[in-house]
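Peer 1: Per full-length UniProt numbering, the very first residue in the sequence shown carries number 1; after that it's consecutive. Ideal placement from N, C-alpha and C gives every residue a C-beta, glycine not left out. Mind having a look at this structure? Questions to follow.
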Amino acid sequence: MGTPKPPISALGLDVGSKRIGVAGCDRTGLIASGIITIERKYLQEDIEKIRQLVNEREVNVLVVGLPYSMDGSLGSQARQIQKFAVKLSKALKLPVEYVDERLTSYQAEQMLIAQNRSPSRNKGLIDRLAACLILQQWLDVRRKHLTRQ
């Protein structure tokens, strides 16, 4: 048996201009699940809503999806998300890790369509699902890295 993995409490964030999808994980770091969708108002209020979740869930890392361009570069939307993530990181005194989230919103929409639900009527749910996919991707990579050590 290997050394026990340290407990992890991460928040996955799908940051958009209108909403932020939020996902969390269990302490084992195996499974991500959607928590809430924050309707964005202004920066301080967005940070405070996330701070409440961080405190409730004893979060120790923020995982933010970055929408890389298909050529792998960072476009203006990705740079705006990075600016927000840096402000959030400083305000909450937590590290931020980024995940390539190019196709997560599309995947989330496809999941809804498979359930015969309308993506246009469930935008908040799509944001939550996308946050879940972002966090799950990060957890899977982390788990593979930890098992190799």
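1) Return helix, strand or coil for Ser-9, following the three-state DSSP convention.
2) Across the segment 29–36 and the segment 112–119, are there enough close Cβ pairs to call them in contact, namely three or more that are closer than 8 Å?
3) What's the C-alpha gap between Asp-26 and Gln-107?
4) By the DSSP assignment, the beta strand (DSSP E) with Ser-69 in it spans what residues?
5) For Ile-113, which residues of its own chain have a beta-carbon under 8 Å away from its beta-carbon, when the five flanking residues on both sides are left out?
6) What runs of the beta strand (DSSP E), each 3 residues or longer, lie entirely inside the UniProt domain "YqgF/RNase H-like" (8–108)?
7) Just to confirm, is the Cβ distance from Asp-14 to Asp-127 under 8 Å?
8) Hey, would you say the C-beta of Asn-116 is under 7 Å away from at least one heavy atom of the ligand NAP?
9) So, is Gly-24 buried or exposed, given that buried needs 16 or more other C-beta atoms within 10 angstroms?
10) Which residue wins for smallest C-alpha separation from Asp-46, given the options Val-64, Leu-62 and Arg-19?
11) Please name the residue, chosen from Gln-82, Ser-17, Leu-43 and Val-61, that lies closest to Trp-138 on a Cα-to-Cα basis.
12) Express the C-alpha separation of Leu-103 and Lys-83 in angstroms, rounding to a whole number.
13) Are there 16 or more other CB atoms within 10 angstroms of the CB of Leu-88, so buried, or fewer, so exposed?
Peer 2: Taking the definition as stated:
1) coil
2) no
3) 22 Å
4) First-last for Ser-69: undefined, no H or E at that position.
5) Pro-119
6) 10–15, 19–25, 32–39, 61–66 and 96–100
7) yes
8) This structure simply doesn't include the ligand NAP, nor any ligand for that matter.
9) buried
10) Arg-19
11) Val-61
12) 21 Å
13) buried
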